[in-house]
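Peer 1: Sequential numbering from 337 applies to the sequence shown in the numbering used here.
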Amino acid sequence: MLVSILIPVYNEFKTLPQVLERVANAKLPEGCTKEILIIDDGSVDGTTQLIGKMADRVKEPDVLVVHHSVVNFGKGAAVRVGIAKAKGEIMLIQDGDLEYDPNDYLAILQPIVDGKADVVYGSRFMSNPAGMAFANWVANRILTVSCNVLFGARITDEATAYKAFRTSVLQRIKLVCMRFEFCPEVTAKVLRMGYGISEVPIYYNARSIAEGKKIRWYDGVDAIWTLLRYRLASRNSFDAQAIERRRRVHHAEAATDQTS
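1. Taking the CB atoms as reference points, tell me whether G467 and N541 lie closer together than 9 Å.
2. Just to check my reading of the structure: C483 and A489 have Cβ atoms closer than 8 Å, yes? What is that Cβ distance to the nearest angstrom?
3. At the level of alpha carbons, what is the spacing between S573 and T369?
4. Where does A469 land, buried or exposed, given buried means 16+ other C-beta within 10 angstroms?
5. Under a three-way DSSP split, which group does Y531 fall into?
6. When the Cα of I375 is compared with those of E366, T351 and V402, which residue comes out closest?
7. Just verifying my parser: in three-state terms, what is the DSSP assignment at D555?
8. Can the beta-carbon of L338 be found less than 9 Å from the beta-carbon of K423?
9. Should the stretch 436-453 be regarded as contacting the stretch 352-366, the criterion being three or more beta carbon pairs within less than 8 Å?
10. Hey, how far is the Cα of V557 from the Cα of G451?
11. Cα-Cα, which of A559, F461 and A569 is closest to M514?
12. Leaving aside the five residues before and after V355 along the sequence, list all residues of the same chain whose C-beta is less than 6 Å from its C-beta, in chain order.
13. Among G378, A414, V407 and L386, which residue has its Cα nearest to the Cα of F516?
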């Protein structure tokens, strides 16, 4: 099975070389290979130039680099570009910093490879979220409880960056996220489509705003609103198959009007 590892990055000059090295060397379940997709979100700190040099040095696995011309278009937009470009049967999201450890890939991907899960989240709270600020801990707990109440889920970490999906799952939903609302949007839509979310414990080493952490308090408010919004929305509004059926019907009706 081919695993597509999507790395959205914005101004990660200091950490990206080490992240890419770890990703390239990370072990996968038996029978899996990987491709790496780096989506540069218009970085202005030298990351853009650095990516080209690093990608040339990595011979295995394949590395695809996509550059946004717009500065800081958003993590969600970058992830959506990666999903559209990826070729793998499984997709895994990897941040461009050192908070998450690619050594956890094996545990995250194994349930999907074994056919036991379609979606797996790496939970920081099933282990010890080292260095997480108290305010961030509270915000994460609120988001997770909100998700469980709204969708009847039983997860421990809604906002984790380590999310892995069977590609067919992502192909069934239409994503419109631009920024950090990718996490609550994809969680809400996956649950609304009837998929369960499995979790495995992961290693986590929090970084501060001074060290480059970009998420802010208002992103938490946006996340709560996103969860609520897609709990109330019609499932057909984001079911990719339903949207395609409506498009075909509209096209057929328009063609009939033109010939009559």
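Ideal placement from N, C-alpha and C gives every residue a C-beta, glycine not left out.
Owing to the predicted nature of the structure, the values given are computational and were not obtained by experimental measurement.
Peer 2: Quick look at the numbers:
1. yes
2. Yes, C483 and A489 are in contact; Cβ-Cβ is about 6 Å, under 8 Å.
3. 34 Å
4. exposed
5. The three-state reading of DSSP puts Y531 in coil, since its state is none of H, G, I, E or B.
6. The candidate whose alpha carbon is nearest that of I375 is V402.
7. Per DSSP, reduced to three states, the secondary structure at D555 is helical.
8. yes
9. yes
10. 35 Å
11. A559
12. G432
13. A414
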